[in-house]
Structure formats: structure tokens, C-alpha cells
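Structure record follows, encoded as C-alpha cells.
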DNA sequence: CCGACTGTACTACGGATGTAGTGCGTGCGT
DNA sequence: ACGCACGCACTACATCCGTAGTACAGTCGG
């Protein structure tokens, strides 16, 4: 281990976090090896050494994104199916609210990378890891709540939340984030319509 | 008018359409003056002349996008408030289905440009023109249907549809587009939950 | 019939970008 | 104790990008 790097969490993580921050702030065109060096305060060439090619840099960023996003979503504290509808509403509202307030940057970077994954199938892999785990949990929950079409209802829920976040972060409604109460109300309405057709 | 250009709809429109196609196919980093020249089969420098700066090229693309998107959304054939809930469901489902099938490319380009507009406020202007008109129409419709919170419900509807389109076009669920029937069903559920709280 | 004008073709250039190559110092295994 | 491997700093280079400048052809007004 060489002396002491300016970060306590490893060079690669610092590069990855800086890449995500750059994606949010300057978009896909703003993410370059040199820009990461500068933004992270690292000597020129450092990012090239951590991730030699652009593809490697993007994969590093996506991997890191999956880690941090899992924490934002609260993947390991999802409610139990027996906790009922309100627990699900609360968990989803909380996750969305966290994504929109303390993690706006991460959310924006996710959309940038999702679009890029359209053209780079290798990136899709890491997305799907976190994404599928989350969706599977959701499917179990809506099933337990009596959904007659769990797959479609899961997609509906995820799409609603994702679309709302996109609207708030990149849409014309780039006003402030909805309050947790508004989020809960919207989710209750959506779930109510799904479960009492 | 110089002789006959290779397009019948004007040089600027050809450049704008090609720019949108490139955005969908190669992303923001794939959109360059030279790439547009090549993809459109125009002699090198043509795009530079139509839109000298990158900013101008992006504005041209966004303007064109607003035009074409308005047609996809059916902005001028929105149902009358008195036509009832089913007419609204049909109109929205049809619009979403059109966006996902015959206009996937346009939809992808819209997300690219929406993200870019985050960092270029000038682009936001043209988005808001079409977007606000559409939302205002929706607000009128949900109000007529008895919504107790038209603004939030409009946002909910738009977010649901937008999130679904994003999921289908760029998400892990990049499976085929939902059928119009599935779209109608999802919309009915969402509206039912909103209007019968 | 001719001159100004507009849109087009083409070239030039400063700067940035992705990627590869090369020494050097540090910590580790033996 | 000492060579070895590894991560790091730094440099080099070919390519590509945005933008500006200039010359030309066809069109329209007088």
C-alpha cells in the first residue's frame, strides 16, 4: 500500500464516485479521464490507470452506482409481505424521497448510465443485478397483497416512481421534490386502483 | 432556392431529424456536426452551416423534437372533458403506444435531450412549450372527472406514462412495448385510484 | 442585363480526448 | 535482507471535435 491516498475508501471508489458526480453535473460528454482526475484532485493519469479504457470507466461507475443505489433503496430493509399495504407504501415513499433529496446526483447519474446502457450491453448486467432484486421483492409484496397481475403491477409501480423521479430531476416540473406525504398519497392511489379493480 | 436539395422538407429539417436519430442511436457523445453530415449523406460542413455552434444544433434538434412529439401525442385531437374517463384512457394509451412502437427513436432522443436540458436552460424553453400545453389539457380533463388535486394527479399521470416508456426503452425491462390493452388497463387502475380515494 | 444576396461546399486550426507506454518508489514474500 | 511485483505519476500520440473563415453558385431585384 503506497503511503496514504487522499481517500480512506480506496482509489477506485474515489474515481467511481467522482465519475458519478461528473455524470450528474456535466453529462456523458463531461465524463472523461482527465475530468475525473481534476475533479477528484488526483494527479493526471490516475483515472487512466484505474480504468484504462472508457468502457472500463463506465463499468466502474455502474458497479459503484449499484452499490450506492441499493443502500438508497433500502434493499435490505424491505417490509415483510405480512406487514400490509401501508408498510409497502412507506418503504417506497421513503426510498423515492431519499433518491430525490440527498441523492439527486446519484439519481441523475443513473439516468445517464441507463441511456448509455442502451448502447453498451455490458453495462446492463450490473443494472439488472440490483434492479431485479428490487423488482422481485416488489412482486412478492404485491402478490401477497392480492394482486391479480403481479408482473404488470410491479412494472406499474416501478414506472410510476421512476417517472416521477425523472420528472422532478430532469423534467419540466423540475420544481422541488414532492413531500413524503405526497409520495405516500400517490402510491396509495396507485395501489388502491391496482388492488380494487 | 439553390437547385434541388436532396430532401423535400428543407435542409434544416433534414439536419434536425438526423441529429435526433443520432442521439437515439449513439447518445449525446455520438452527436457531432461531422456525424450528422455523414449520416445525412450531406457534404462535410453542411451541418456546421445550418447550426454553427453545438448549442445551435441542440436547439434545432429540440425544436424539431417538439414538433414531431406534438404529433405523436395527438395534441390537437385530445378528447373533450365531456367525453368521460374512457376517452382519456384511450387517448393516453394510444399516445404512449405510438411513442413506444413507431417512434421509439424519437422517445429515446427526448430522454437524451431532457437530461441535457438539465445543464442548458435554453433548451428547456422548447420542451416546456409542448409539455405545458399537454399538461394543461390533462389538468382540465382530470378536473372535469372530479379530481380533488388536479396538479398532483396530472403529475402522477404524466410520470406514470413517462416512467413506463423509459422502462421499456432504456430500463432493465427493455422487453417489447406493452400492448395498448395493457396500457389502458394500467391507466384505468391509476385513474380509478386517483378519483375514488 | 447586371450586381447584391443567400445558402452551400470546402478548408483550417486550436484544443480536447481516449489510449498506450515508461520509469519510479513502496511494501511484501521468502 | 533483497529482489519482485504492483500501483502510481507522468508523458506521448493519433484522432476527433467545435468553430471560424473563405470561395462559389444560383436567384432575385432593379
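Protein chains in written order, with my numbering: chain A, 1 to 197; chain B, 198 to 394. Ideal Cβ placement from N, Cα and C applies to all residues, glycine included.
Cβ neighbour criterion (16 or more within 10 Å) applied to residue i
i	result
residue 375 (chain B)	buried
residue 214 (chain B)	buried
residue 103 (chain A)	buried
residue 136 (chain A)	exposed
residue 125 (chain A)	exposed
residue 116 (chain A)	buried
residue 181 (chain A)	exposed
residue 250 (chain B)	exposed
residue 359 (chain B)	buried
residue 242 (chain B)	exposed
residue 298 (chain B)	exposed
residue 367 (chain B)	buried
residue 47 (chain A)	buried
residue 132 (chain A)	exposed
residue 151 (chain A)	exposed
residue 199 (chain A)	One cannot answer for residue 199 (chain A) here, as it falls past the ends of chain A, which runs 1 to 197.
residue 279 (chain B)	exposed
residue 118 (chain A)	buried
residue 386 (chain B)	buried
residue 394 (chain B)	exposed
residue 8 (chain A)	Only weak support is given to the placement of residue 8 (chain A): the predicted model assigns it a pLDDT of 42, under 50, and the value that follows is read from those uncertain coordinates. When all chains shown are included, residue 8 (chain A) counts as exposed.
Selection from the options that minimises the alpha carbon distance to residue i
i	options	result
residue 154 (chain A)	A:184, A:37, A:88 and A:76	A:88
residue 255 (chain B)	B:266, B:277, B:219 and B:281	B:219
residue 28 (chain A)	A:138, A:63 and A:113	A:113
residue 164 (chain A)	B:361, B:356, B:233 and B:364	B:356
residue 326 (chain B)	B:232, B:259, B:281 and B:275	B:259
residue 303 (chain B)	B:385, B:266, B:227 and B:353	B:266
residue 99 (chain A)	A:71, A:172 and A:123	A:71
residue 36 (chain A)	A:49, A:51 and A:15	A:15
residue 365 (chain B)	A:167, A:156, A:176 and A:109	A:156
residue 111 (chain A)	A:197, A:40 and A:166	A:166
residue 345 (chain B)	B:288, B:306, B:388 and B:319	B:388
residue 317 (chain B)	A:40, A:197, A:172 and A:49	A:172
residue 176 (chain A)	A:97, A:50 and A:86	A:97
residue 86 (chain A)	A:49, A:109 and A:145	A:145
Length of the line joining the Cα atoms of residue i and residue j
i	j	result
residue 13 (chain A)	residue 26 (chain A)	19 Å
residue 66 (chain A)	residue 208 (chain B)	44 Å
residue 19 (chain A)	residue 76 (chain A)	26 Å
residue 384 (chain B)	residue 95 (chain A)	23 Å
residue 202 (chain B)	residue 239 (chain B)	Note that residue 202 (chain B) has pLDDT 35, beneath the 50 cutoff, so the model's placement of it is unreliable and the number below is only indicative. Near 10 Å, if we compare the C-alpha coordinates of residue 239 (chain B) and residue 202 (chain B).
residue 93 (chain A)	residue 184 (chain A)	5 Å
residue 253 (chain B)	residue 80 (chain A)	53 Å
residue 74 (chain A)	residue 134 (chain A)	9 Å
residue 261 (chain B)	residue 141 (chain A)	43 Å
residue 60 (chain A)	residue 34 (chain A)	16 Å
residue 275 (chain B)	residue 195 (chain A)	29 Å
residue 281 (chain B)	residue 288 (chain B)	11 Å
residue 248 (chain B)	residue 139 (chain A)	48 Å
residue 228 (chain B)	residue 143 (chain A)	44 Å
residue 39 (chain A)	residue 236 (chain B)	35 Å
residue 122 (chain A)	residue 108 (chain A)	20 Å
residue 49 (chain A)	residue 324 (chain B)	40 Å
residue 24 (chain A)	residue 221 (chain B)	19 Å
Exercise for review: Please list the segments of the alpha helix (DSSP H) lying wholly inside the stretch 273-323 of chain B, counting only runs of 4 or more residues, in order along the chain.
Suggested key: 282-297 and 301-314
Practice item. Please specify which runs of the alpha helix (DSSP H), each continuous and at least 4 residues long, are wholly inside the stretch 36-69 of chain A, giving them in chain order. Key: 46-50
Review point. Which runs of the alpha helix (DSSP H) spanning at least 4 residues fall entirely within the stretch 128-177 of chain A, listed in chain order?
Key: 150-170
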